[in-house]
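Reading through the structure tokens given below for one structure.
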Amino acid sequence: MNATAAALLGLLHEGPMSGGQLVAAAADRFGSFFSVTRSQVYRELPALVTAGLLEPGRPGPRASQTYALTAAGRRAFTRWLRSGAAADALRSPLVLRLLHAGRLSPAQRAELVASSREAYTARLAAARAAARGERDPYRKAVADFAVAHVRAVLKLLDAVPE
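Just so you know, we're using our numbering here: the sequence shown kicks off at 1 and counts up by one.
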């Protein structure tokens, strides 16, 4: 099972959700360190249904479809959780852009850094608020990681020469 499928199964432990709700929940819950795009969600959902890991619900408003976790989906998610950890690869479009920022004009580089700093400063405030409100020790540890990750990106942006 790929990490995107596992992310969706993990979210569906909270109850049935539509694809749009899954996209929003993913962005809210772990968007600071693991991105899930709308196209990935809508590509994974039918595959998870075919595999018997999800069960589609009745169509809702504007043809939205909800999905619920099956017993097989719960077992598959637990197997994925227990499958061990491998070293993660950071996948950051911003870091990739900064790697190649020497190809931009000074003004373009300054705009990239300034707009990124603005976005990550806002993200830091949100991450701090989420970390303060988290009571579950595992989710708290992840929320604290999100704060540290955003701080690290801001430190990277501060290190970029002007």
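The C-beta atom is built at its ideal place from N, Cα and C for all residues, glycine as well.
If I follow the unbroken alpha helix (DSSP H) through residue i, where does it start and stop?
{"i": "L69", "result": "Where L69 is concerned, there is no enclosing alpha helix (DSSP H), although the beta strand (DSSP E) it sits in stretches over 65 to 69."}
{"i": "R58", "result": "Segment 54 to 59 is the beta strand (DSSP E) holding R58; no alpha helix (DSSP H) there."}
{"i": "G165", "result": "Nothing in the structure corresponds to residue 165, since the chain is present only between 1 and 162."}
{"i": "P46", "result": "38 to 50"}
{"i": "L157", "result": "137 to 159"}
{"i": "A7", "result": "3 to 11"}
Per DSSP, what are the beta-bridge partners of residue i in this structure?
{"i": "S18", "result": "T66"}
Terminal residues of the continuous beta strand (DSSP E) containing residue i?
{"i": "L98", "result": "No beta strand (DSSP E) contains L98, which is instead part of the alpha helix (DSSP H) from 93 to 99."}
Taking the alpha carbon of residue i as the point to measure from, which residue in the options has its own alpha carbon closest?
{"i": "V49", "options": "V36, G19, R97", "result": "G19"}
{"i": "V165", "options": "Q21, L94, A129", "result": "Within the shown structure, residues of the chain are numbered from 1 to 162, placing residue 165 beyond reach of any answer."}
{"i": "N2", "options": "L45, G15, Q21, A27", "result": "L45"}
{"i": "A148", "options": "G102, L104, A127, R91", "result": "A127"}
{"i": "V150", "options": "R38, G31, L69, A68", "result": "G31"}
{"i": "G73", "options": "G15, R29, R123", "result": "G15"}
{"i": "L104", "options": "E162, L156, A87", "result": "E162"}
Count the CB pairs spanning the stretch 96 to 114 and the stretch 132 to 144 that are closer than 8 Å, and state whether there are at least three. no
Okay, do the stretch 2 to 10 and the stretch 77 to 88 touch, 3+ Cβ pairs below 8 Å being the bar? yes
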